[in-house]
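One structure below.
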């Protein structure tokens, strides 16, 4: 009897060690060694007004931690722009008629940003999947007008060459964001643009392993992050429940259940450009 008990303890101990080892190895896939851990990126930058610029409903899922902590810890005013209503997206699972998907995803985005404490959120109606074909001047001036009104000192968006996922809409909105900021600086008005431009960065090793061709494009074209902060995993899980039409997106895209992804990926990573010291041309 005693030998059986000892054998059981040994087996359980081995299983626990294997699980711990697997978790440690898995978490290493979602680590970025260049990044310094901070409580809040916005707090580190002394930000008081933050604007996020995205392409699709659910893009804000990449920055839950930053926006939640900007409001909760730093007391910042927070705002978002989403350029499309996401009407061309694939539903995972199907929750509505495809013809109604734009309205459904717009509502999901607004509800999710409210859940993050965001003060205001504009959802535009440019074509999902067609942002690069929209007149550049229209996009740049519309975004510049929003910045003049919101007057952010921190803008959060996509690195133009990679767009966090490689999506062309993401990349175009990253480029438009930079052009709008450069325009404000050139105008020399009472508001000359933000002090910092913050880019959301995707974990390199995980993209190389699970991201396929798009993942390799991102890895080859994004900068290293300087900052890491809590991803506010609870808010990310809540966000996917709110984005009901995309709730199974991580499972469908990467073959891993959401709970496992966030067990391993519990940080957000950011590259920051100081626009006072290094203005956009």
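Residue numbers (our numbering): 212 to 492. Here a beta-carbon is modelled for each residue, glycine too, at the ideal position from N, C-alpha and C.
* Coarse secondary structure for residue 290, derived from DSSP in three states -> strand
* Along the chain, which unbroken stretches of the beta strand (DSSP E) at least 3 residues long are found entirely within the stretch 410-474? -> 438-441
* Any chance the stretch 413-429 sits against the stretch 293-306, with 3 or more Cβ pairs inside 8 Å? -> no
* Hey, could you find the ends of the beta strand (DSSP E) residue 350 is sitting in? => No beta strand (DSSP E) holds residue 350; the alpha helix (DSSP H) holding it covers 347-361.
* **Exposure of residue 468, with buried meaning 16 or more beta-carbon neighbours within 10 Å** => The residue is exposed, with fewer than 16 neighbouring Cβ atoms inside 10 Å.
* Would you call the CB atoms of residue 264 and residue 440 closer than 8 Å? -> no
* Cross-strand partners of residue 407 (DSSP beta bridge) -> 365, 485
* By how many angstroms is the C-alpha of residue 491 removed from the C-alpha of residue 389? -> It is roughly 7 Å from the alpha-carbon of residue 389 to the alpha-carbon of residue 491.
* Find out if the Cβ-Cβ distance for the pair residue 473, residue 448 is shorter than 8 Å. => yes
* Would you mind reading off the limits of the beta strand (DSSP E) that contains residue 263? => 260-265
* For residue 283, the first and last residue of its enclosing alpha helix (DSSP H) -> 275-283
* To do: From the DSSP output, in three-state form, read off residue 241 for me.
  => coil
* Unbroken alpha helix (DSSP H) run spanning residue 253, endpoints -> 252-255
* **Status (buried if at least 16 other CB within 10 Å, exposed otherwise) for residue 495** => Here the chain covers residues 212 to 492 and nothing more, so residue 495 does not appear.
* **Burial state of residue 484, where buried means 16 or more other Cβ atoms lie within 10 Å** => buried
* Give me the Cα-Cα distance between residue 317 and residue 270, rounded to the nearest whole angstrom. => 12 Å
* Cα-Cα separation, residue 407 to residue 457 -> Residue 407 and residue 457: Cα-Cα distance of roughly 31 Å.
* To which residues of the same chain is residue 321 closer than 7 Å at the C-beta, ignoring the five residues directly before and after it? -> Here the set comprises 332, 334.
* To do: Take the Cβ of residue 386 as the centre, count every other Cβ of all protein chains shown within 10 Å, and call the residue buried at 16 or more, exposed below.
  => buried
* If you check the beta carbons only, do residue 294 and residue 266 fall under 8 Å apart? -> yes
* **Cutoff 6 Å; reference residue 190; Cβ partners in own chain excluding five residues on either side** => Coverage of the chain is limited to positions 212 through 492, which leaves residue 190 absent and any answer about it impossible.
* Helix, strand or coil for residue 517, going by three-state DSSP, please let me know. => The chain is shown from 212 up to 492; residue 517 falls before or after that span and cannot be answered.
* Helix, strand or coil at residue 479 [DSSP, three-state] -> strand
* To do: Compute the distance between the beta-carbons of residue 424 and residue 275, then report whether it is under 8 Å.
  => no
* Rounded to whole angstroms, how far is the Cβ of residue 368 from the Cβ of residue 428, which I believe are closer than 8 Å? -> About 18 Å separates the two Cβ atoms, so there is no contact after all.
* Close beta carbons around residue 288, own chain, < 6 Å, minus the five adjacent residues each side -> 260, 330
* Element boundaries [alpha helix (DSSP H), containing residue 380] -> 379-398
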